[in-house]
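Per our numbering, the sequence shown starts with residue 22, numbered consecutively.
Even for Gly, the Cβ is constructed at its ideal location relative to N, Cα and C.
Since the structure is predicted, the reported quantities are computational estimates derived from the model, not experimental observations.
A short write-up of the structure that comes next.
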Amino acid sequence: MKPVYFEDESLKLIDQTKLPTEFIIKSYTDYREIAKAIVDMIVRGAPAIGVTAGYGMYFGAREFQSLSKAEFLEKMKEVAALLAATRPTAVNLFWAIDRMQGVIKKNDDLSPLEITALLKVEAHAICAEDIQMCRDMGAFGAELIHQGDTILTHCNAGALATADYGTALGVIRAAFEQGKNISVYADETRPFLQGARLTAYELHADGIPVTLITDNMAGWMMKQGKIDGVVVGADRIASNGDVANKIGTYSVSVLAKAHGIPMYVAAPTSTIDFSMMSGDEIIIEERNCREISHIGGVQVAPDGVNMENPAFDVTPHQNVTAIITEKGVVYPPYDINIKKLKQ
Ligand code: MRU
22 MKPVYFEDES LKLIDQTKLP TEFIIKSYTD YREIAKAIVD MIVRGAPAIG
72 VTAGYGMYFG AREFQSLSKA EFLEKMKEVA ALLAATRPTA VNLFWAIDRM
122 QGVIKKNDDL SPLEITALLK VEAHAICAED IQMCRDMGAF GAELIHQGDT
172 ILTHCNAGAL ATADYGTALG VIRAAFEQGK NISVYADETR PFLQGARLTA
222 YELHADGIPV TLITDNMAGW MMKQGKIDGV VVGADRIASN GDVANKIGTY
272 SVSVLAKAHG IPMYVAAPTS TIDFSMMSGD EIIIEERNCR EISHIGGVQV
322 APDGVNMENP AFDVTPHQNV TAIITEKGVV YPPYDINIKK LKQ
């Protein structure tokens, strides 16, 4: 399932706000509309928004490729700034924009037309590499999943959150494809319901046994011995191994630790922010409180009540058993072992 792909000179996005009841593919050629699609969560998930932003940069360049070199370079700064202002927490967005800007910088002796052609190649490369990284993570991570295991996951770190295959769900998919008789508990993941709407949807579609629970049921499932391991994705990992991921991941990590259950994080190295020493530095996106007061358009909270809606939290590295990357599985001490991934 590819939530973001390039076809007929346009960017296609599965509208993830409509799943699971409607499957709609939207077509984009304007970088402003692409930025809006990221804000509106038509496309979401750290790697997927990185891939989308890469294409956004290409479409910006395509629009301005007939300008003079100086005007083109100025416009590309505006394109990058607009895309970067969409969502603050997932580092893959900034990683992809930086990578596209690197192409512009490295080739500033070329014409805007030539640079635009190179940006197209780079956007395709980011997309293709993302799929390969998910496959590689899957192969490494599947070794940690045993025959008969039941895995809890939170939010959606699946094919829908990447260019294809998924990070956390990529690990689960790989274990399943190896013939391991595994099953999954999916937290529904309030307030945006990525677990119920997206994780349950894609695992069910692939025939991987999945049981949907509400977020407050995870601890009780663990207490009853029904969960053997937790696998989640990440939006930004600091160099000490602290992990920002969907709100509720921290609670799951505390529960896992209390029950002696391994907590694995699956993320490509593009999710590691080597410049951040700890998770304290990570900016947590605050979203519209309507996501809390309404479910499926139905009001569930009184008018005028105070609400807060942090979209992510930070799991301290002490609660993370291992980080699964496309380069291999990283264990503590993270401050030493994460640095080795940079080489
Ligand atoms: O707000 P979202 O849906 O973009 O949040 C997504 C998550 O938190 C995922 O777990 C994370 O991006 C990892 S996706 C492979």
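Asked                                                                                                        : Found
Val321, buried or exposed, once every other Cβ within 10 Å from all chains shown has been counted against 16 : exposed
Closest residue to Gly254 among Ser260, Gln245, Ile357 and Ile268 (Cα-Cα distance)                           : Ile268
Ligand 1 heavy atom lying under 7 angstroms from the CB of Phe85                                             : no
Beta-ladder partner(s) of Phe333, from DSSP                                                                  : Lys267
Element boundaries [alpha helix (DSSP H), containing Tyr355]                                                 : Tyr355 to Asn358
Uninterrupted alpha helix (DSSP H) stretches inside the stretch 133-167 (no shorter than 4 residues)         : 133-163
Proximity test, Cys176 beta-carbon vs ligand 1 heavy atom, cut-off 7 angstroms                               : yes
Any non-hydrogen atom of ligand 1 closer than 7 angstroms to Gln237 Cβ                                       : In the sequence on display, residue 237 carries Asn and not Gln. No, ligand 1 has no heavy atom inside 7 angstroms of this Cβ.
Gln320 Cβ short of 7 angstroms to ligand 1 heavy atom set                                                    : no
Inter-residue Cα distance where the pair is Asp151 and Gly240                                                : 33 angstroms
Cβ neighbour criterion (16 or more within 10 Å) applied to Ala259                                            : buried
Minimum C-alpha distance to Lys90 - residue among Ile303, Arg156 and Glu135                                  : Glu135
heavy atom of ligand 1 below 7 angstroms from Arg311 C-beta                                                  : no
Beta-carbon separation (whole angstroms), Thr220 vs Asn266, contact threshold 8 angstroms                    : That pair is no contact at about 13 angstroms.
Those residues which DSSP pairs with Ser48 across a bridge                                                   : Lys33
Glu366 burial status per 10 Å Cβ neighbour count (16 or more: buried)                                        : In the structure as shown, the chain begins at 22 and stops at 364. Residue 366 is therefore absent and cannot be evaluated.
Among Ala207, Gly187 and Arg120, nearest to Arg218 - alpha-carbon criterion                                  : Ala207
With 16 other Cβ atoms within 10 Å as the buried cut-off, status of Asp324                                   : exposed
8 angstroms Cβ cutoff met for Gly250 and Ile172                                                              : yes
Buried versus exposed call for Tyr352 [16 or more other C-beta atoms within 10 Å across all chains shown]    : exposed
Length at least 4, wholly inside the stretch 158-238: the alpha helix (DSSP H) runs in chain order           : 189-198 and 221-226
Nearest-angstrom beta carbon gap, Asn327 and Arg308 [assumed within contact, 8 angstroms]                    : That belief does not hold up - the Cβ atoms of Arg308 and Asn327 are roughly 15 angstroms apart, past 8 angstroms.
C-alpha distance - Glu54 paired with Gly123, whole-angstrom precision                                        : 23 angstroms
Cβ separation of Ala58 and Ala111, assumed to be a contact under 8 angstroms, to the nearest whole Å         : Not quite, the Cβ-Cβ distance comes to about 15 angstroms (not below 8 angstroms), so this is no contact.
Whole-angstrom distance between Val319 and Lys360, CA atom to CA atom                                        : 47 angstroms
Contact test: Gly262 Cβ vs ligand 1 heavy atom, cutoff 7 angstroms                                           : no
Proximity test, Asn330 beta-carbon vs ligand 3 heavy atom, cut-off 7 angstroms                               : Absence of ligand 3 from the depicted structure is noted, with ligand 1 being the only ligands included.
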